[in-house]
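Data first, discussion second: the structure below is written as structure tokens.
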Amino acid sequence: MDHPILEFEKGRPVKFTFENQELPGYEGEPIAAALLAAGIRVLRESPRRHRPRGFFCAIGNCSSCLMVVDGVPNVRVCVEPLRAGMRVERQRGHGDIR
Amino acid sequence: MKSVEVAVVGAGPAGLSAALAAAGQGASVALIERDERLGGQLVKQTHKFFGSERQEAGVRGFVIARGLAEAVAAEPAIEVRLSSTALGYYTDKVVYLEEPDGLVKLRAERTIITTGAAERMLAFPGNDLPGVYGAGAVQTLMNVHAVRPGSRVLMVGAGNIGLIVSYQLLQARVEVAAVLEAAPHVGGYLVHAAKIRRAGVPILVSHSVKEALGEREVRGVVVQRLDSAWKPVPETEATIVCDVICLATGLTPLTELAWQVGCKMGYVPELGGHVPWHDEDMRTTIEDIYVAGDCSGVEEASAAMVGGRLAGLSAAASLGHDRRVAEMKEVAREELAALRAGPTGDKIRKGLARLRGAGGSG
Amino acid sequence: MSESRLGPSETLRRTGVPAEADLDGLKSALARPAGMVAGPMAVLECFQRIPCDPCASSCKRGAIAPFADINDLPAFDPEKCNGCGLCVARCPGLAIFVVDETFGPDEALIKLAYEFLPLPERDGVVAALDREGRPTGQARVVRVQRPKSKDESTVVWVAVPKSLAWVVRSIRVEEGRLAQEASRES
């Protein structure tokens, strides 16, 4: 982003998948930022009423942004760093911890 | 088990200052931060700081953060632990830390809690829709990760955070539809308000959110006017098209660690909610535990830096370190008094008087 | 130079826009002493007591007195001011402007802090906005001063019709007018 005050240093460009769709991102940025840059804001569905949820605090406090990453549920994608080849899925309801 | 004289939990402006002050007195310090970087909320601040030159007035927030982080890196007595979350404080002064490689136990003679504060939620229908974000979240996305939060934002709250983040949104070339404020006056510095008004952003005082619109994501918002008793006035609803509703209606101190340790807490609205009781040396009711920054009372970064310094000096002095400590503490107290002397300091002075007068509650 | 302002007006506190009542105090404080050469002069649109003092040390001519209490309003001495604009670049609130009503036979010059992209170009034309962000016409860009330090703001000098010297306080760069502003995304 061109910015009047800040200079940004992003990690190397990588690819990851979201619900079988391949998306671009930068290594090390929060998964939620990469999703947002791709226009994806609905990150999960609430347990009882299946309401769409996104992130809220973006610093790992509020638990709004929990998704399934590489099969692991309840990942706070607003702080979890993106790595190449990650599989990201919307979490539906409570995480399934096996 | 690792052992250190002073553990500082949270590396925002207060924690960084506390660590530097304690190390400057000769204490060994462990600076614990759950994020991958030092600086806390300071790294996102693009505006030039207020306060006096002693607190780096005129310097941009993220530049101050960089300076503090560099000073910490250059200080051999400070051990920095990033991606390290303090889980609790237990008998024999042991702090448990969760880190990527596993659990770490750290014994600390003194612990300074500088964990900051977090955005308050606001209750309205649709407030859980994707697109309702805290102001801090919007700042993180724009100023740290270079991602625009949306294309048209409705800002709720005309305190300093709401006004500053609105300006930052304009700098990131995101439209700000309006800033709502429930009170009849702008709450933040009027110069911040003037900057965004000059850029054509309306400020609607005595207004609040009625509901968020959108099925799967925010597509707009219905706002309403409030009367002098802060009650909604019927038939004053108006719809504003936006894809982000940004909440900047106040911060609440993050005090889980203080509660867990057993510090006496006080509920003081002027300080943001529940805060640990603390004296003029920033010491809590638990002898070895100190606090500073927003978790001790929501204020400003300048005050957080000075308060952190005071806590670091006090903790080090209590261990016998003394390199003109009394003099430096006096200077810090004078700086805090100066920052709080004007009308904008009324709230914090009242809050602290209330906290100390009451003696805290369970 | 002592201050005896009554504080920000009710209008300013409600809207964030300084009202005539706030500005009148400023105009009278700037009334030029007899015998003084006309020219550019700093206008400090700072009406609220907040803890803030970097403007004082930014001035190399001592036109802004050192602060006894950092919550005071700046104490400005027009006799010492040459309109250089160092304070414009320094003020954290972007609240200081330089105004020169004698710039040209029909034009006044305004120096203002500008922290957006795209930056205007010298000799370019921009929209001139008032304190509410409403366009009042066009302004000619006379100079764009990039700061030496990232902590200071870029200062843009614009020429406006004389009658708007106390009205124009912001600009908008019209995207279509800048030749090198290719439509870059992100």
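Residue numbers (the numbering used here), protein chains in the order written: chain A, 6 to 103; chain B, 19 to 380; chain C, 31 to 216. All residues carry an ideal CB built from backbone N, CA and C; glycine is no exception.
Among the options, nearest to residue i - alpha-carbon criterion
{"i": "Arg237(B)", "options": "Cys260(B), Ala135(B) and Arg215(B)", "result": "Cys260(B)"}
{"i": "Arg341(B)", "options": "Gly28(B), Ala41(B) and Ala25(B)", "result": "Ala41(B)"}
{"i": "Thr41(C)", "options": "Leu60(C), Ala72(C) and Phe77(C)", "result": "Phe77(C)"}
{"i": "Glu54(B)", "options": "Gly79(B), Gly28(B), Ala75(B) and Pro143(B)", "result": "Gly28(B)"}
{"i": "Gly284(B)", "options": "Gly57(B), Val162(B), Thr302(B) and Met323(B)", "result": "Thr302(B)"}
{"i": "Val47(B)", "options": "Ala276(B), Ala333(B) and Gly30(B)", "result": "Ala333(B)"}
{"i": "Asn145(B)", "options": "Val26(B), Val239(B) and Leu337(B)", "result": "Val239(B)"}
{"i": "Leu328(B)", "options": "Gly58(B), Ala319(B) and Ala350(B)", "result": "Ala350(B)"}
{"i": "Gly290(B)", "options": "Cys281(B), Arg128(B), Ile131(B) and Thr273(B)", "result": "Thr273(B)"}
{"i": "His292(B)", "options": "Leu275(B), Glu298(B) and Asp299(B)", "result": "Leu275(B)"}
{"i": "Gly375(B)", "options": "Val343(B), Ala356(B) and Val286(B)", "result": "Val286(B)"}
{"i": "Arg173(C)", "options": "Asp153(C), Leu159(C), Ala158(C) and Ser179(C)", "result": "Asp153(C)"}
Cutoff 8 Å: residue i Cβ touching any chain A Cβ
{"i": "Glu145(C)", "result": "yes"}
{"i": "Val150(B)", "result": "yes"}
{"i": "Arg138(B)", "result": "no"}
{"i": "Ala209(C)", "result": "Below a pLDDT of 50, predicted positions are generally treated as unreliable, and Ala209(C), at 35, falls in that range; no measurement from the model is reported."}
{"i": "Asp146(B)", "result": "yes"}
Own chain, CB closer than 8 Å to residue i, minus 5 neighbours either side, in chain order
{"i": "Arg81(A)", "result": "Gly65, Ser68, Cys70 and Leu71"}
{"i": "Phe61(A)", "result": "Cys67, Ser69 and Cys70"}
{"i": "Glu353(B)", "result": "Ser70, Arg72, Gln73 and Val324"}
Min CB distance residue i to chain B below 8 Å
{"i": "Glu33(C)", "result": "Legend: pLDDT at Glu33(C) = 42, less than 50; position of this residue unreliable, value from coordinates given subsequently. No, no contact with chain B."}
{"i": "Thr45(C)", "result": "yes"}
{"i": "Arg81(A)", "result": "no"}
{"i": "Ile64(A)", "result": "yes"}
{"i": "Leu71(A)", "result": "no"}
{"i": "Leu87(A)", "result": "no"}
{"i": "Glu162(C)", "result": "yes"}
{"i": "Cys89(C)", "result": "no"}
{"i": "Phe77(C)", "result": "yes"}
{"i": "Phe60(A)", "result": "yes"}
{"i": "Leu41(A)", "result": "yes"}
Cα-Cα separation, residue i to residue j
{"i": "Leu159(B)", "j": "Glu32(A)", "result": "15 Å"}
{"i": "Asp101(A)", "j": "Cys83(A)", "result": "20 Å"}
{"i": "Leu34(B)", "j": "Ser102(B)", "result": "15 Å"}
{"i": "Ala89(A)", "j": "Glu34(A)", "result": "11 Å"}
{"i": "Glu74(B)", "j": "Leu56(B)", "result": "18 Å"}
{"i": "Glu235(B)", "j": "Pro165(C)", "result": "34 Å"}
{"i": "Gly369(B)", "j": "Ile182(B)", "result": "24 Å"}
{"i": "Glu162(C)", "j": "Gly30(A)", "result": "39 Å"}
{"i": "Ala201(B)", "j": "Gln242(B)", "result": "13 Å"}
{"i": "His65(B)", "j": "Asn161(B)", "result": "11 Å"}
{"i": "Gly92(C)", "j": "Asp83(C)", "result": "13 Å"}
{"i": "Lys347(B)", "j": "Gly325(B)", "result": "10 Å"}
{"i": "Leu194(C)", "j": "Ala51(C)", "result": "18 Å"}
{"i": "Leu11(A)", "j": "Thr45(C)", "result": "29 Å"}
{"i": "Glu88(B)", "j": "Ala32(B)", "result": "15 Å"}
{"i": "Pro361(B)", "j": "Phe146(C)", "result": "31 Å"}
{"i": "Met6(A)", "j": "Asp181(C)", "result": "20 Å"}
{"i": "Val174(B)", "j": "Leu36(C)", "result": "29 Å"}
{"i": "Ala176(B)", "j": "Asp110(B)", "result": "46 Å"}
{"i": "Ala153(B)", "j": "Val61(B)", "result": "14 Å"}
{"i": "Gly98(A)", "j": "Gln26(A)", "result": "21 Å"}
{"i": "Gly168(B)", "j": "Ala63(A)", "result": "15 Å"}
Contact with chain C by residue i, beta-carbon distance below 8 Å
{"i": "Ile45(A)", "result": "no"}
{"i": "Pro4(A)", "result": "What the structure shows of chain A is the stretch from 6 to 103, and residue 4(A) is not part of that stretch, so it cannot be assessed."}
{"i": "Gly76(B)", "result": "yes"}
{"i": "Ser70(B)", "result": "yes"}
{"i": "Pro57(A)", "result": "no"}
{"i": "Pro9(A)", "result": "yes"}
{"i": "Leu354(B)", "result": "no"}
{"i": "Leu370(B)", "result": "no"}
{"i": "Ala296(B)", "result": "This sequence places His at residue 296(B); Ala is not what is there. Not closer than 8 Å to any Cβ of chain C, the Cβ of His296(B) fails to qualify, so no."}
Nearest-angstrom beta carbon gap, residue j and residue i [assumed within contact, 8 Å]
{"i": "Asp130(C)", "j": "Lys192(C)", "result": "Their Cβ separation, rounded to whole angstroms, is 10 Å, which puts Asp130(C) and Lys192(C) out of contact at 8 Å."}
{"i": "Glu116(B)", "j": "Leu105(B)", "result": "5 Å"}
{"i": "Val186(C)", "j": "Pro150(C)", "result": "6 Å"}
{"i": "Ala45(B)", "j": "Ala95(B)", "result": "7 Å"}
{"i": "Phe21(A)", "j": "Val93(A)", "result": "6 Å"}
{"i": "Pro96(C)", "j": "Ala86(C)", "result": "5 Å"}
{"i": "Gly137(B)", "j": "Arg170(B)", "result": "A small fix is needed here, since residue 137(B) is Glu in this sequence, not Gly. No, Glu137(B) and Arg170(B) are not in contact; Cβ-Cβ is about 20 Å, not under 8 Å."}
Contacting residues, own chain, Cβ-Cβ under 7 Å from residue i (five flanking each side not counted)
{"i": "Val165(B)", "result": "Leu159"}
{"i": "Asp312(B)", "result": "Gly134, Ala135, Leu269, Pro271 and Ala322"}
Residues near residue i by beta carbon distance below 6 Å, same chain, minus five either side
{"i": "Pro143(B)", "result": "Glu229"}
{"i": "Val47(C)", "result": "Arg161 and Glu162"}
Under 8 Å (Cβ pairs) to chain E, residues found in the segment 163-186 of chain B:
The question asks about chain E, but that chain is absent: this structure's protein chains are A, B and C.
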